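Comments concern the structure below.
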Amino acid sequence: QCLKLLRQHGIPTIVMTQRGSPVSDAADLTIAIDMQEGKNIFRPTSTRFAYLAAIDILANMVAYADRNIALKALRSIKEELVRNRDGDDRQLLGD
Numbered sequence: 034q035c036l037k038l039l040r041q042h043g044i045p046t047i048v049m050t051q052r053g054s055p056v057s058d059a060a061d062l063t064i065a066i067d068m069q070e071g072k073n074i075f076r077p078t079s080t081r082f083a084y085l086a087a088i089d090i091l092a093n094m095v096a097y098a099d100r101n102i103a104l105k106a107l108r109s110i111k112e113e114l115v116r117n118r119d120g121d122d123r124q125l126l127g128d
């Protein structure tokens, strides 16, 4: 229902899920991760790691698309962490 509502308002929808799922069918674009699940539900699955890797790659691509905006956002996050954590600003920002 959420995807349908977004599309009714002209907002493009991108999902990360299995190809052919109801969510995938309702979206404009699907980043498909089609992997078999193991039988042991208590251990991390290969699918979970695949999703984490895909999200990490997407985050890097977005950051590299406009490094200045990404650096400004990261600095802002770090400043908030320092202000609300313990005042220790020795941890690296990464730039």
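For the sequence shown, the numbering used here gives the first residue as 34, with consecutive numbering after it. The C-beta atom is built at its ideal place from N, Cα and C for all residues, glycine as well. Just so we're clear, the structure is a prediction, and the values are computed from it rather than from any experiment.
| Asked | Found |
| --- | --- |
| Nearest candidate by alpha-carbon position, reference GLU70, set ALA60, ALA59, TYR84 | TYR84 |
| Which of helix, strand or coil DSSP assigns to ILE64 | strand |
| Whole-angstrom C-beta distance between ASP67 and ARG81, which should lie under 8 Å | Going by Cβ atoms, the distance from ARG81 to ASP67 rounds to 14 Å, so no, they are not a contact pair. |
| Alpha-carbon to alpha-carbon, ILE44 and ASP61 | 9 Å |
| ILE47, DSSP secondary structure in three states | strand |
| Start-to-end residues for the alpha helix (DSSP H) that takes in ASN101 | 100-117 |
| Cα-Cα separation between PRO55 and ILE90, rounded to whole angstroms | 25 Å |
| Secondary structure of ILE74, DSSP reduced to three states | coil |
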